[in-house]
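Numbering (the working numbering), first residue to last: 9 to 104. Where is the CB? At the ideal position from N, CA and C, for every residue including glycine.
Here it is, written out as structure tokens:
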């Protein structure tokens, strides 16, 4: 089992969402004006009907690898089923 985080420490651990396999990973750039834009990474797990988002683009290669290997992914967030569906860390359980 591997824990991947956004790279900062927190004293409060977010609850675990339902684990699932990654159906797809989507990367987009949202341009606000000529100088300001944001990068958004969206994933869709088979255990949810909606996407989850993060602005942590360094997580992209880990999520692509997990999708390719069919690893079981558990997101850590307070907004699993409601809210903005954002996440900053996740745990991978390698497929057997």
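For residue j and residue i, the rounded distance between their alpha carbons
i          : j          : result
residue 76 : residue 40 : 32 angstroms
residue 82 : residue 68 : 15 angstroms
residue 54 : residue 61 : 15 angstroms
residue 30 : residue 45 : 26 angstroms
The alpha helix (DSSP H) enclosing residue i, as first and last residue numbers
i          : result
residue 26 : It is not in any alpha helix (DSSP H) - residue 26 carries neither H nor E in the DSSP assignment.
residue 77 : 68–77
Residue(s) in a DSSP beta bridge with residue i
i          : result
residue 97 : 84
residue 53 : 30
Buried versus exposed, by CB contacts within 10 Å (16 or more), residue i
i          : result
residue 19 : Bear in mind that a pLDDT of 45 at residue 19, under 50, signals an unreliable position, so the model cannot answer this.
residue 17 : With a pLDDT of only 46 at residue 17, under 50, the local geometry of the prediction cannot be trusted, and the value read off the model is given with reservation. The residue is exposed, with fewer than 16 neighbouring Cβ atoms inside 10 Å.
Beta carbon of residue i nearer than 9 angstroms to that of residue j
i          : j          : result
residue 65 : residue 50 : no
Endpoints, the beta strand (DSSP E) within which residue i is located
i          : result
residue 60 : 59–62
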